[in-house]
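Numbering (the working numbering), first residue to last: 1 to 309.
One structure below.
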């Protein structure tokens, strides 16, 4: 084949269009035109709406993991806040319960104090209030320590009572505290009067330290279960008429000739906190007058006139 007859044009695959610079300028101008047209005339608004509607499921699918992570974080934070709020509410509830218990205790103490204050005008002896601090350390005795002592006028043998009745007696006094021996102590004793029969006797603390008993009572003594015993006032210590104990059992023994009578204290010593300390009657009693002495009488004289010489 002669060389002149050959087609020297490049095949379609290797044909080159406009240059790169030409295409850049063309597409740049087209983009600028579209932006200006869209800004001015809103030409692409319908297209955007169609594309947004078509791509909405895809957008939701792509946003689902992000929303799930965000929801999990919000749930964790909400759970933590709820746990913190619950713990705070529990603490406040516990504080309110403790405060309510303290208020109830104070109300009970106020009632007891009011009862003591109402009891004071009915007593003809001087008295002052005191508070029980703690039990005495001796486990074999029934004694308590109060917060009043000799500096406040507390003296040994001062009776100690509350709104219910007699509790005991001051056995040792210190400057700012005092020891009170309760009626249920095994060495305690108090003269009593049976309000039903008006018979006087003596009540003693039993060996168990839980109650009292009447000793040296005849087997046929007129004592019944339920009799109330009060202070007789014959000892010069306790004022008369203060409740002491109640008869709970009577065991009339034939072999010994004496009755075994058990008593329960009316004033419960284990549940008392505020007490009233009375001044002993012996301190307030007027001293007995001294017998009159004749100033002209000679020492050793019997007071009788001698015989005249």
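Backbone N, C-alpha and C fix where the C-beta goes; we use that ideal spot for every residue, glycine too.
Computed from a predicted structure; not experimentally measured.
1) Between which two residues does the alpha helix (DSSP H) containing residue 249 stretch?
2) In three-state terms, what does DSSP make of residue 308?
3) Which runs of the beta strand (DSSP E), 3 residues or longer, sit entirely within the segment 102 to 174?
4) At which residues does the beta strand (DSSP E) containing residue 182 begin and terminate?
5) What is the rounded straight-line gap between the Cα of residue 37 and the Cα of residue 55?
6) Would you mind reading off the limits of the alpha helix (DSSP H) that contains residue 256?
7) Going by the beta-carbon positions, is the gap between residue 167 and residue 211 smaller than 8 Å?
8) So, are the CB atoms of residue 169 and residue 158 less than 8 Å apart?
9) Taking all protein chains shown into account, decide if residue 74 is buried (16 or more other Cβ within 10 angstroms of its Cβ) or exposed.
10) At which residues does the beta strand (DSSP E) containing residue 218 begin and terminate?
11) Which same chain residues end up closer than 7 Å to residue 130 when comparing Cβ atoms and leaving out the 5 residues on each side of it in sequence?
12) Do the segment 203 to 210 and the segment 246 to 256 touch if we need at least three Cβ pairs shorter than 8 Å?
13) Can the beta-carbon of residue 279 be found closer than 8 Å to that of residue 126?
14) Could you pull the start and end residues of the alpha helix (DSSP H) that residue 276 belongs to?
15) Once DSSP output is grouped into helix, strand and coil, what is the label at residue 51?
16) Is DSSP giving residue 22 helix, strand or coil here?
17) Taking the alpha-carbon positions, what's the residue 232 to residue 190 distance?
18) Roughly how many whole angstroms lie between the Cα atoms of residue 187 and residue 88?
19) Return helix, strand or coil for residue 239, following the three-state DSSP convention.
20) Is residue 206 helix, strand or coil by DSSP?
21) Compute the Euclidean distance between the alpha carbons of residue 69 and residue 77, then round it to the nearest angstrom.
22) With 16 other CB atoms within 10 Å as the buried threshold, where does residue 183 fall?
23) Under a Cβ-count criterion, where at least 16 other Cβ atoms within 10 Å of its own Cβ denotes burial, should residue 244 be classed as buried or exposed?
24) Just to check my reading of the structure: residue 144 and residue 136 have Cβ atoms closer than 8 Å, yes? What is that Cβ distance to the nearest angstrom?
25) So what does DSSP say about residue 192, is it helix, strand or coil?
26) On the three-state DSSP scale, how would you describe residue 88?
27) Using three-state DSSP, classify residue 231 as helix, strand or coil.
28) Can you tell me which residues form a DSSP beta bridge with residue 263?
29) Which residues does DSSP list as the beta-bridge partners of residue 201?
30) At the level of alpha carbons, what is the spacing between residue 49 and residue 79?
Judging by the given coordinates:
1) Looking at the DSSP string, residue 249 is not in any alpha helix (DSSP H); the run it does join, the beta strand (DSSP E), is 243 to 252.
2) For residue 308, the predicted structure reports a pLDDT of 43, less than 50, and the residue's modelled location is therefore unreliable. A value from the coordinates is still provided. Note: residue 308 maps to coil in three-state DSSP.
3) 127 to 135, 143 to 146, 159 to 161 and 166 to 173
4) 178 to 182
5) 24 Å
6) Taken as a continuous stretch (DSSP letters only), residue 256 belongs to no alpha helix (DSSP H), as it is neither H nor E.
7) no
8) yes
9) exposed
10) 212 to 218
11) 146, 147, 148, 275 and 277
12) no
13) yes
14) Unbroken run through residue 276 is the beta strand (DSSP E), 274 to 278; no alpha helix (DSSP H).
15) helix
16) helix
17) 9 Å
18) 54 Å
19) coil
20) coil
21) 12 Å
22) buried
23) buried
24) 6 Å
25) strand
26) helix
27) strand
28) 212 and 247
29) 192
30) 41 Å
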